[in-house]
Amino acid sequence: MAKLAPPPSAANQRRTPGYAEADRNAAQDLVEKRRIAKERAAQRAASRTAAKRQQVAERIASATEELASGIAQANAAAEQLDKAMEQISSGATQASAAAQQGQTAAQRLNITAKNTSEVAQASMEKTNALQELVRQTSADIEAIIANVGLSADRNVQSARLISELEKQADEIGQVVKTVAGIADQTNLLALNAAIEAARAGEHGRGFAVVADEVRNLAEGAEKSARSIRELISEIQKDVRVVARDAEEAGNTGKEEVEKGRAVTAQLTQIEADMKQLQGECAFINDMSASVATAIVQFLKGTEIIASASEEAASAAAQASTSTAEQMKAMKDIETATEELAQMAEDLKVNTDSEKSSEQLAATAEELSATISQANAASQQIMSAIRQIAKGAEQQSAAAEESSSAITQVNRQSQEIAQKAVDALEKVVNMVTLLTESKVAVDNLIVGISTSANVSTTSAENVKSLEVRVRQIDKIVDAITNVAMQTNMLAVNGAIEAARAGEYGKGFAVVASDIRTLANDSEQNAEKIKDLVRSIQDQVLIVSRDILELGSMANKDAHNAKKSTADLLRIEKEIGEVRVGIVSIQSNTGQAALAVEQAQQGVDQIASAAQQGSSAAQQASASATEQAKGMQELSQAIEDISALADELQAA
Numbered sequence: 215m216a217k218l219a220p221p222p223s224a225a226n227q228r229r230t231p232g233y234a235e236a237d238r239n240a241a242q243d244l245v246e247k248r249r250i251a252k253e254r255a256a257q258r259a260a261s262r263t264a265a266k267r268q269q270v271a272e273r274i275a276s277a278t279e280e281l282a283s284g285i286a287q288a289n290a291a292a293e294q295l296d297k298a299m300e301q302i303s304s305g306a307t308q309a310s311a312a313a314q315q316g317q318t319a320a321q322r323l324n325i326t327a328k329n330t331s332e333v334a335q336a337s338m339e340k341t342n343a344l345q346e347l348v349r350q351t352s353a354d355i356e357a358i359i360a361n362v363g364l365s366a367d368r369n370v371q372s373a374r375l376i377s378e379l380e381k382q383a384d385e386i387g388q389v390v391k392t393v394a395g396i397a398d399q400t401n402l403l404a405l406n407a408a409i410e411a412a413r414a415g416e417h418g419r420g421f422a423v424v425a426d427e428v429r430n431l432a433e434g435a436e437k438s439a440r441s442i443r444e445l446i447s448e449i450q451k452d453v454r455v456v457a458r459d460a461e462e463a464g465n466t467g468k469e470e471v472e473k474g475r476a477v478t479a480q481l482t483q484i485e486a487d488m489k490q491l492q493g494e495c496a497f498i499n500d501m502s503a504s505v506a507t508a509i510v511q512f513l514k515g516t517e518i519i520a521s522a523s524e525e526a527a528s529a530a531a532q533a534s535t536s537t538a539e540q541m542k543a544m545k546d547i548e549t550a551t552e553e554l555a556q557m558a559e560d561l562k563v564n565t566d567s568e569k570s571s572e573q574l575a576a577t578a579e580e581l582s583a584t585i586s587q588a589n590a591a592s593q594q595i596m597s598a599i600r601q602i603a604k605g606a607e608q609q610s611a612a613a614e615e616s617s618s619a620i621t622q623v624n625r626q627s628q629e630i631a632q633k634a635v636d637a638l639e640k641v642v643n644m645v646t647l648l649t650e651s652k653v654a655v656d657n658l659i660v661g662i663s664t665s666a667n668v669s670t671t672s673a674e675n676v677k678s679l680e681v682r683v684r685q686i687d688k689i690v691d692a693i694t695n696v697a698m699q700t701n702m703l704a705v706n707g708a709i710e711a712a713r714a715g716e717y718g719k720g721f722a723v724v725a726s727d728i729r730t731l732a733n734d735s736e737q738n739a740e741k742i743k744d745l746v747r748s749i750q751d752q753v754l755i756v757s758r759d760i761l762e763l764g765s766m767a768n769k770d771a772h773n774a775k776k777s778t779a780d781l782l783r784i785e786k787e788i789g790e791v792r793v794g795i796v797s798i799q800s801n802t803g804q805a806a807l808a809v810e811q812a813q814q815g816v817d818q819i820a821s822a823a824q825q826g827s828s829a830a831q832q833a834s835a836s837a838t839e840q841a842k843g844m845q846e847l848s849q850a851i852e853d854i855s856a857l858a859d860e861l862q863a864a
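According to my numbering, the sequence shown is numbered sequentially starting from 215.
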């Protein structure tokens, strides 16, 4: 085993003084060497620390540059966001104004639809009531023309019957002519009797008296026959007048019947037009109700749009506020970043690394807090953008729904307008037909009244006939009386002839002839009486018919006046319907303007929704980019904080 060296103290005790000095020197050299080694180690450590500090400073400078780049990127994104928010806010304001415009137009449309529906319903009710009145008026006029037709036929029959009176008057005239001939013959026989009486001398005196009486009677009979002939002539004139009037009344009545039928045909057409008008008014009423429903749908869409616009504006305002806060934070970050960059430069030359690292750590911590604040604002912006995007989708869907509703309103309003045109055309046609019908009925009244007046005149003429016929009857009685007296005188003449004996033979022959003529005259007088009675019977029938026809004509004229009053009422009511249809046309014109205004609002809303959606997408992209930049900023500041910690550790 090796031998251990003795302890220093023991060795020193054994060493000599010379050796002791050498040991002291050696120890001092060792201390010096150690000091130098320490200094060299310290220098090497300082060099390593300086190199590390330089390296950290360079890394901090690099991180700061990245941070500055991220800040620039975030600022650019923030500016884009701000512009997008302004665009969204402007679009929301535009959409809100357009929605208000659409609501105003829809309210006007609602009013016009309500007014149109009320007018259409009133027109339907009025037209329904008028249809019954038209049917009743048509029935009344048909009854009138039936009576007028009957009167016309009876007038024609009366004309024929009266014409028969003229023939009977001719027969009376022929008989009277015979009577007049008998009177002439009797007068001649009386003259012969007077001659025979003169021949007989004293024996023919009584016969002369008879002859004179017979002559006087014959002259009276001839005068009566002449009077009858004159009366017959007057009767024939009156008969022709009455027959002509009756025939004209019959022909006029037939013409009035045709006019009346034309009126009833027009009323039938009016009733058919009214039925179609009712259908058109019902269509307008139904379409107005459908328009009102579509308007409710449109208003619902505009309310959604207005609400979405308000929310979009609120979200845009919130996003703008957050963007402003973010931009302010970015300015603070930018300032802090510049300070970091300066600190990084200072680190390269600053020997007090501890103090510098503390300042660097503090600044990094403040910057991290500011970035967190900016990042929170970024999250708020993202939330607002999502809300804006959702509102834009709702707004777009509501705009599409409103557009569909207003398109329906426009189409149905056009259909209402066309039906109003058709309805007005029918109303105008009805007014024209009613005017023509009223004129025709007025003419019918004039014709019927004329017939009544003609009947009155004819009745007076018939009365004249009755008077003349009675006069003939009286004259015939006189002729009969003359015949009886003549017959009696003939008997007396025969008696006188018998008394005269041989002188009265010629007188007896004359008396016999006179008696024969007297009998013939009496028989003819009876014929005249029979004919007169027949004429009287026919005149009575004609008179009764004429008076009855006149009464019927007056009654028909009165009824026709009622029909005229009904037509006037119908015309007045149709005029009111016409005013209603015109107001519907006016409403459709206003509706067209309101639809145009509403459509413009919808188009503006759709455009604003599209712009808002595009701006929201752009804002979302900017926000996403900004969020990414925020993450990069956060990472950069974390790196800087780590470097600060590393620097402190060095």
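Where a beta carbon is used, it is the ideal one built from N, C-alpha and C, also for glycine.
Item                                                                                                                                                                           : Value
Buried or exposed: where does residue 649 fall if 16 or more other Cβ atoms within 10 Å of its Cβ makes it buried?                                                             : exposed
Taking contact to mean at least 3 C-beta pairs separated by less than 8 Å, is the segment 696–713 in contact with the segment 410–421?                                         : yes
Whole angstroms are fine: how far does the CA of residue 799 sit from the CA of residue 475?                                                                                   : 35 Å
Just checking my contact of residue 659 with residue 508 at CB under 8 Å: how many whole Å lie between their CB atoms?                                                         : So it is not a contact: roughly 53 Å between Cβ atoms.
Roughly how many whole angstroms lie between the Cα atoms of residue 255 and residue 246?                                                                                      : 14 Å
Rounding to the nearest angstrom, what Cα-Cα distance links residue 822 and residue 841 in this structure?                                                                     : 27 Å
Could you tell me which of 541, 555 and 621 sits nearest to residue 590, measuring between CA atoms?                                                                           : 541
Taking only the alpha-carbon atoms, compute the straight-line gap between residue 844 and residue 317 and give it to the nearest angstrom.                                     : 44 Å
Would you check if the distance between the CB atom of residue 323 and the CB atom of residue 480 is smaller than 7 Å?                                                         : no
Helix, strand or coil for residue 227, going by three-state DSSP, please let me know.                                                                                          : Here the model assigns residue 227 a pLDDT of 49, short of 50, so the residue's position is not dependable and the matter cannot be decided.
How many angstroms separate the CA atom of residue 644 from the CA atom of residue 670?                                                                                        : 38 Å
Hey, how far is the Cα of residue 397 from the Cα of residue 675?                                                                                                              : 32 Å
Enumerate in chain order the residues of its own chain whose CB-to-CB distance from residue 490 is below 7 Å, with the five nearest sequence positions on each side excluded.  : 640
Whose C-alpha, out of 429, 285 and 470, is nearest the C-alpha of residue 771?                                                                                                 : 470
Can you tell which of 326, 376, 361 and 304 has its C-alpha closest to the C-alpha of residue 758?                                                                             : 376
Please name the residue, chosen from 796, 596 and 493, that lies closest to residue 536 on a Cα-to-Cα basis.                                                                   : 596
What does the Cβ neighbour count give for residue 346, buried or exposed, with the cut at 16 atoms within 10 Å?                                                                : exposed
So the candidates are 832, 235, 463 and 739; which of them puts its Cα closest to the Cα of residue 296?                                                                       : 832
Taking the alpha-carbon positions, what's the residue 428 to residue 374 distance?                                                                                             : 43 Å
May I have the straight-line CA-CA distance separating residue 292 from residue 839, to the nearest angstrom?                                                                  : 10 Å
Buried or exposed: residue 762, going by 16 or more other Cβ atoms within 10 Å of its Cβ?                                                                                      : exposed
Taking residue 837 as the reference, give the member of 598, 457 and 801 with the closest Cα.                                                                                  : 598
Using only CA atoms, which one of 824, 630 and 449 lies nearest to residue 612?                                                                                                : 824
When you compare the CB positions of residue 582 and residue 851, do they come within less than 7 Å of one another, or not?                                                    : yes
Please list, in chain order, all residues of the same chain as residue 348 whose beta carbon is under 8 Å from its beta carbon, the five residues on each side excluded.       : 481, 484, 485, 488 and 784
Buried or exposed: where does residue 738 fall if 16 or more other Cβ atoms within 10 Å of its Cβ makes it buried?                                                             : buried
Just mark residue 795 as buried or exposed, buried being the case when its beta carbon has 16 or more other beta carbons within 10 Å.                                          : buried
Can you list, in chain order, the residues of its chain with a C-beta nearer than 6 Å to that of residue 690? Leave out the 5 residues immediately preceding and following it. : 739, 742 and 743
Is it the case that the Cβ atoms of residue 651 and residue 499 are separated by a distance below 7 Å?                                                                         : no
Beta-carbon within less than 6 Å of residue 385's beta-carbon, same chain only, minus the 5 sequence neighbours each way: which residues are those?                            : 745
Which residue spans inside the segment 511–547 form an unbroken beta strand (DSSP E) run of at least 3?                                                                        : none
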